[in-house]
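> One structure, as structure tokens, below. Some questions next.
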Amino acid sequence: MPEAPDLVVIREYLLPRLVGDEITGATDRKPLVLRNMVGLASEGGLNFGTDIADRRVESLDRRGKLLIIGLAGERELIINPMLTGGLMWCNASAKVAASTVLIFEMQSGMHLRYFDQKK
Numbered sequence: 423m424p425e426a427p428d429l430v431v432i433r434e435y436l437l438p439r440l441v442g443d444e445i446t447g448a449t450d451r452k453p454l455v456l457r458n459m460v461g462l463a464s465e466g467g468l469n470f471g472t473d474i475a476d477r478r479v480e481s482l483d484r485r486g487k488l489l490i491i492g493l494a495g496e497r498e499l500i501i502n503p504m505l506t507g508g509l510m511w512c513n514a515s516a517k518v519a520a521s522t523v524l525i526f527e528m529q530s531g532m533h534l535r536y537f538d539q540k541k
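Quick note: the sequence shown uses the working numbering, first residue 423, plus one each step.
If you want it as structure tokens, here you go:
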């Protein structure tokens, strides 16, 4: 499990790369990785990829062992790496690892990928 100091380093690395960029799409390769999508059900259904598409990343914070990505339109993505999870910032052309469970496609041509070795 990433400890708080690890998440500080991850945040510092991602902050200048992620904030200001826009999410153009998302691919959920393992449906169980998404939980508690508060607000979406009341707005006509749960469609994660559609809801976050075209939203600019406005902030990146850490609270305890959570990374919080603030999006335009008062949305937040809260990432809990759990025991074996992690994030990868890479070119869209990079090979997708089998352990990748969620991919955020960015307007800059980069990907933010969440992976979990246990999934």
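All C-beta atoms in this analysis are idealised placements derived from N, C-alpha and C, irrespective of residue type, glycine included. Treat the numbers as computed from the prediction; the structure is a model and nothing was measured.
Short of 6 Å in beta carbon distance, which residues of its chain neighbour Leu-437, apart from the five on each side in sequence? Order them along the chain.
In the sequence shown, the residue the question calls residue 437 occupies position 15. Closer than 6 Å at the Cβ level, and outside the excluded window around Leu-437, lie Leu-482.
> If you draw a straight line from the C-alpha of Gly-466 to the C-alpha of Leu-493, how long is it?
In the sequence shown, the residue the question calls residue 466 occupies position 44. In the sequence shown, the residue the question calls residue 493 occupies position 71. Its pLDDT being 49, under 50, Gly-466 is placed unreliably by the model, and nothing is read from it.
> Kindly list the residues whose CB is nearer than 6 Å to the CB of Asn-502, restricted to its own chain and excluding five residues on each side of it in sequence; keep chain order.
Against the sequence shown, residue 502 aligns to sequence position 80. Hits under 6 Å: Leu-488.
> Quick one: grab the DSSP three-state call for Ala-463.
On the sequence shown, position 41 is the one that residue 463 refers to. Low confidence applies to Ala-463: its pLDDT is 48, below 50, so where it sits in the model is not reliable, and the reading given next is rough at best. In this structure, Ala-463 counts as helix in the three-state DSSP scheme.
> Measuring CB to CB, does Ala-519 end up less than 7 Å from His-533?
By one-based count along the sequence shown, residue 519 stands at place 97. By one-based count along the sequence shown, residue 533 stands at place 111. In this structure, His-533 does not lie closer than 7 Å to Ala-519 by Cβ.
> State the Cα-Cα distance for the pair Thr-449 and Glu-425, rounded to the nearest angstrom.
Numbered from 1 along the sequence shown, position 27 holds the residue referred to as residue 449. Numbered from 1 along the sequence shown, position 3 holds the residue referred to as residue 425. Roughly 27 Å separates the two Cα atoms.
> Let me check you understand the geometry: is the CB of Arg-478 closer than 6 Å to at least one non-hydrogen atom of the ligand GTP?
Absent from the structure shown: the ligand GTP. Ligands present: none.
> When the Cα of Gly-531 is compared with those of Val-431, Gly-447, Arg-497, which residue comes out closest?
Here residue 531 refers to the residue found at position 109 of the sequence shown. Here the closest residue by C-alpha is Gly-447.
> Short check: CB of Arg-477 to CB of Ile-445, under 7 Å?
In the sequence shown, residue 477 corresponds to position 55, counting from 1. In the sequence shown, residue 445 corresponds to position 23, counting from 1. Yes, the Cβ-Cβ distance between Arg-477 and Ile-445 is below 7 Å.
> Could you pull out every residue in the same chain whose Cβ sits closer than 6 Å to the Cβ of Phe-526, ignoring the five residues on either side in sequence?
Here the question's residue 526 lines up with position 104 in the sequence shown. If we look at Phe-526 and ignore the five residues flanking it on each side, its Cβ neighbours are Ile-445, Ala-448, Leu-534.
> Decide if Gly-560 is buried, meaning its Cβ has at least 16 other Cβ atoms within 10 Å, or exposed.
What is shown of the chain runs 423 to 541, which leaves residue 560 out entirely.
> Can you give me the start and stop residues for the alpha helix (DSSP H) that Glu-434 sits inside?
Here residue 434 is taken as the residue at index 12 of the sequence shown, counted from 1. Taken as a continuous stretch (DSSP letters only), the alpha helix (DSSP H) holding Glu-434 covers 426 to 440.
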